[in-house]
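Engineer: The opening residue of the sequence shown carries number 1 in the UniProt record's numbering; numbering runs sequentially from there.
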Amino acid sequence: MSETLGWNRERTAAAVEKLCRYNLLVPAHQDGETFSVSTPRHAASRLLAPLDRQIESLEREAFRLRADFGKYQVAYTEAVAGSDRNLEFVTLVGHDAINAELERAAARCQEEVLTAQPGGGRSAESLESAWSATKDMLERGIRMRTVYQHSARFSPATRRYVNQVTKYGGQVRSLEEFAERLIIFDRKVAFIPARSDRGVALAIYQPAIVEFLVGIFERAWLLGTPFPSQNRAPDVQVLLSDVRLSIIKLLADGETDETIARRMGLSVRTCRSHISKIYEKFGARSRCQLGVFIANSGLLDGDADDVVGENAS
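Encoded structure:
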């Protein structure tokens, strides 16, 4: 090999040692003189496999520790709340801690619960797990009002859940947009996300802030429309028009497709489908042209005809 490369033996030996260390050369015989060549991709896979297993193990351990500390947080919260009635804010870390504290607040609730659930339809699994506590409160005579975004009306699982809630006396409405998830028990404690991924929540006991959040909910409730048990064709047309009008306003504000989808509680794919229909309605071929057409339509001033029209579907 040294002769072929024109290298001395020391340089060749160092290169071979390095390539063997990276699994790019694999000894073919015990004589140490014959090697087989491995592709870099295969060599990387073999070399990194132990590290990948170690990373997976560490991630599992980190997940377990977060869950454990979430339980400790709940115990700490209960201990502090029991000894200090002036507690105003409690940070809940991890879904276990958040869910446990929500369950405790639901069990202690005596009069009323207000809930805002933005982000479109909820999964059947999450609704099923929430139903037990919801049913318990309703059977105890707790008044319950919930606000969803309009897009949740197209979720079969959410409609079934709403039908159950209203059957037991709860009230549900929907509106175009709501900022974030909000749950208020007895107008004494409010829960809001403290991080965008909702892995951390804030329990608020401060009366003035809780009352402020109640006011936000009440304004949203007044703007909302009753959540129907079934979507009738005329209602769907109106709803689609409302959704697309909101999208038009967000487009005029220069928001991206992803931001519009998040604020409207839609998937990006569904949002882009609506935007495509809006392009067709205005006859626009570019984002810039669409902006000009929207500005000239008078729609943003409320003076235009129903630009999204009866054929909004």
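Glycine included, C-beta positions come from ideal geometry on N, C-alpha and C.
(1) Sort Ser-267, Arg-60 and Leu-250 by Cα distance to Arg-287 and report the nearest one.
(2) If you measure between the beta carbons of Leu-127 and Ala-97, is that distance less than 8 Å?
(3) Got a sec, what are the start and stop residues for the alpha helix (DSSP H) Leu-222 sits in?
(4) Going by other Cβ atoms of all chains shown within 10 Å of its Cβ, with 16 needed for buried, is Thr-115 buried or exposed?
(5) Around the Cβ of Val-210, are there at least 16 other Cβ atoms within 10 angstroms (buried) or fewer (exposed)?
(6) Can you give me the C-alpha to C-alpha distance between Arg-269 and Ala-152, rounded to a whole angstrom?
(7) Select from Leu-245, Ile-275, Val-243 and Asp-242 the residue whose C-alpha is nearest the C-alpha of Thr-256.
(8) Taking the alpha-carbon of Glu-101 as reference, which of Ile-142, Ala-203 and Thr-134 has the nearest alpha-carbon?
(9) Tell me the start and end of each unbroken beta strand (DSSP E) in the stretch 114-199 that is at least 3 residues and wholly inside, in chain order.
(10) Which stretch, first to last residue, makes up the beta strand (DSSP E) that contains Thr-34?
(11) Helix, strand or coil for residue 314, going by three-state DSSP, please let me know.
(12) Taking Thr-259 as part of the alpha helix (DSSP H), name the residues at either end of that continuous run.
(13) Give me the residue from Tyr-279, Leu-175 and Ala-105 with the minimum Cα distance to Pro-228.
(14) Going by C-alpha to C-alpha distance, which of Ala-130, Thr-91 and Asp-253 sits closest to Ala-69?
(15) For Ser-12, which of helix, strand or coil comes out of DSSP?
(16) Where do the ends of the beta strand (DSSP E) carrying Leu-102 lie?
(17) Less than 8 Å separating the beta-carbons of Arg-187 and Gln-171?
(18) Judging by CA-CA distance, which residue of Phe-63, Gln-206, Ala-106 and Gly-119 is the nearest neighbour of Glu-88?
(19) Answer yes if the stretch 177-184 comes into contact with the stretch 103-119, meaning at least three C-beta pairs across the two stretches below 8 Å, and no otherwise.
(20) How would you write the range of the alpha helix (DSSP H) that Thr-270 sits in, first residue to last?
(21) Sort Tyr-72, Phe-35 and Leu-25 by Cα distance to His-42 and report the nearest one.
Structural biologist: Based on what the coordinates show:
(1) Leu-250
(2) no
(3) Counting along the chain, the unbroken alpha helix (DSSP H) around Leu-222 starts and ends at 207-223.
(4) buried
(5) buried
(6) 16 Å
(7) The candidate whose alpha carbon is nearest that of Thr-256 is Ile-275.
(8) Ala-203
(9) Runs found: 143-149, 171-175, 182-185 and 189-193.
(10) That residue, Thr-34, is in no beta strand (DSSP E); it is neither H nor E in DSSP.
(11) The chain is shown from 1 up to 313; residue 314 falls before or after that span and cannot be answered.
(12) Per DSSP, Thr-259 is one residue of the alpha helix (DSSP H) stretching across 257-264.
(13) The shortest Cα separation from Pro-228 among Tyr-279, Leu-175 and Ala-105 belongs to Leu-175.
(14) Note on residue identity: the sequence assigns Phe, not Ala, to residue 69. Out of Ala-130, Thr-91 and Asp-253, Thr-91 has the C-alpha closest to the C-alpha of Phe-69.
(15) According to the sequence provided, residue 12 is Thr. The question's Ser does not apply to it. For Thr-12, the secondary structure class from DSSP, reduced to helix, strand or coil, is helix.
(16) Segment 95-108 is the alpha helix (DSSP H) holding Leu-102; no beta strand (DSSP E) there.
(17) no
(18) Gln-206
(19) yes
(20) 268-282
(21) Leu-25
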